[in-house]
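Worksheet: one structure, shown below.
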Amino acid sequence: APPLDVARIRKDFPLLQQATVYGLPLVYLDNAATTQKPQVVLDTLEQYYTGYNSNVHRGVHQLSQQATEAYELARKTVAAYLNAEHTQEIIFTKGTTDSINLVASSYGRKFLQPGDAVLISAMEHHSNIVPWQMICEERGAELKVIPINERGELRMDAFSQLLDERVKIVAVTCVSNTLGTINPVKDIIAQAHARNIPVLLDAAQGVQHMAIDVQELQPDFLAFSGHKIYGPTGIGVLYGKQEWLEKMPPYQGGGDMIKTVTFARTTYNELPYKFEAGTPHVAGAIGLEAALNYVKLVGIDKIQQWEEQLQDYALQALQQVEGLRLIGQAAHRAASISFLVGDIHPYDLGELLDKQGIAVRTGHHCTEPLMDLFGIPGTVRASLSMYNTFEDIDKLVAAVHKAAAMLR
Ligand code: PMP
8 APPLDVARIR KDFPLLQQAT VYGLPLVYLD NAATTQKPQV VLDTLEQYYT
58 GYNSNVHRGV HQLSQQATEA YELARKTVAA YLNAEHTQEI IFTKGTTDSI
108 NLVASSYGRK FLQPGDAVLI SAMEHHSNIV PWQMICEERG AELKVIPINE
158 RGELRMDAFS QLLDERVKIV AVTCVSNTLG TINPVKDIIA QAHARNIPVL
208 LDAAQGVQHM AIDVQELQPD FLAFSGHKIY GPTGIGVLYG KQEWLEKMPP
258 YQGGGDMIKT VTFARTTYNE LPYKFEAGTP HVAGAIGLEA ALNYVKLVGI
308 DKIQQWEEQL QDYALQALQQ VEGLRLIGQA AHRAASISFL VGDIHPYDLG
358 ELLDKQGIAV RTGHHCTEPL MDLFGIPGTV RASLSMYNTF EDIDKLVAAV
408 HKAAAMLR
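Under UniProt numbering, the residues of the sequence shown are numbered 8 to 415, in order.
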């Protein structure tokens, strides 16, 4: 029996019921970019805006207290979802990009000195490259890169060698959004910690596909986006170990992050508020909570099993297409499948897939350095989520056959 009842799950997603593309039912395979939202998330947002919309933390009035309670309950839910030891280790941000910028800027200002290094990997998303580049430039530090092999796996031998005393932080992705590679983050963390070097995990493509327990895994920082795990856009999470967050200076200044302000001097609020300047995305946080509760209800282990079945099926079927080349052939992989067919430009292929109702992404997927390594302009990427079906894959593969025949 399949690990989950996909027909039932699909009924929870109004867009999947309603959306058509050129009159065809939508086959949505762009989940690494963003996921669709279940009704319960939409209802939660509406209930907030129609029932108790109010600013948080500063109000004496009842609505404000209600909104504050809901916002702080959402934080507790996120903490429990990641099994964080302390609720104040959860900072609400705009998304993964914002979370990484927070750490790069705040940690970097405090702990990076000229001659130090930041270690990232060759398969990072631009949002786990550029913020580090910017702070390295500012602090006179160097950005170092863990290389990959031809299958798109991290070269752990090279990682061990790069991990010298100059490295002050390691920042890597759990899963490559382009190649689908699952990285050995446990090993990376163990090796870094043996040298007292903290590790940031980019879990933008992690949390929605596999269980992540921060007390078991022990990352020092972990970032993810609400919109890629069935929640709203504009909300994200930074998990940070309390001992690090307490040592780090605020990222942005403003309301909510202060204890007292005079023109001479400001004292900062305690965690997590020190890192949440200004009115937060209250609705987003509550919506994210609803999304995480939905994922919990379905069961992340079942989601993982289902997506693995879909992935194996898709990899098998796609490789039957004449001239199709998989970009990224890691032994451990999840959710994102990148490919090219012959010398057809990925954009042309993507356009013909779109005409057949199949939503995929084409291009460099915000991993330009990775595309340069493979010597390609981009890929066609199909990415999976819990609501995809074998039928979706069949339609994708049929459409690829057809498009390739037209373009060859
Ligand atoms: N890292 C990875 C691995 C991603 O896939 C993405 C989104 N494509 C990001 C970071 C950035 O996420 P966001 O745009 O939601 O900030």
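All residues carry an ideal CB built from backbone N, CA and C; glycine is no exception.
The nearest non-hydrogen atom of ligand 1 is 7 Å or more from the C-beta of T51. Across the structure, F397 and R17 are spaced so that their CA atoms are roughly 13 Å apart. Per DSSP, the continuous beta strand (DSSP E) segment holding A389 begins and ends at T386 to S390. Burial check for S167: the Cβ neighbour count within 10 Å stays below 16, so the residue is exposed.
Distance check between A218 and each of I310, Y320 and I265 places I310 closest, using alpha-carbon atoms only. Going by DSSP, E277 is part of no alpha helix (DSSP H) at all; its letter is neither H nor E. Nearest to I307 by C-alpha distance, out of T386, I236 and H216, is H216. Taking C-alpha positions only, G330 is separated from D350 by approximately 9 Å. If you check the CB distance, A342 and A40 do not come in under 8 Å. Applying a distance threshold of 5 Å between residue Cβ atoms and the heavy atoms of ligand 1 selects G102, T103, T104, H132, S134, T180, N184, D209, A211, Q212 and S232, given in chain order.
As DSSP reads the structure, L208 sits in a beta bridge with V179 and L229. Scanning S113, K402, E157 and L359 for the CA closest to the CA of P138 turns up S113. Excluding sequence positions up to five before and after D123, its CB lies within less than 6 Å of the CB of A148, R173 and K175, all in the same chain and listed in chain order. Inclusion of T103 and F231 in the CB contact set at 8 Å is warranted, their separation being smaller than that value. G247 is bridged by DSSP to F228. Within the segment 104-175, complete alpha helix (DSSP H) segments of at least 4 residues are found at 137-146 and 163-169, given in chain order. With respect to the 8 Å criterion, N184 and H372 are classified as neighbours on the basis of their beta carbons. Look at G370 here: in three-state DSSP terms it is strand. In this structure E96 touches K248 by the C-beta definition: roughly 7 Å separates them, less than 8 Å.
Taking C-beta atoms under 8 Å as the contact rule, L22 and M393 fail to qualify, at a distance of about 14 Å.
In the three-state scheme derived from DSSP, where H, G and I count as helix and E and B as strand, V348 is classed as strand. E131 and H68 have their C-alpha atoms some 46 Å from each other. Counting C-beta atoms within 10 angstroms of its own C-beta, N203 has fewer than 16 neighbours from the protein chains shown and is therefore classed as exposed.
Per the C-alpha coordinates, the member of I153, T27, L169 and P376 positioned closest to Q363 is T27.
In this structure E296 is buried. Its beta-carbon is surrounded by 16 or more other beta-carbon atoms within 10 angstroms.
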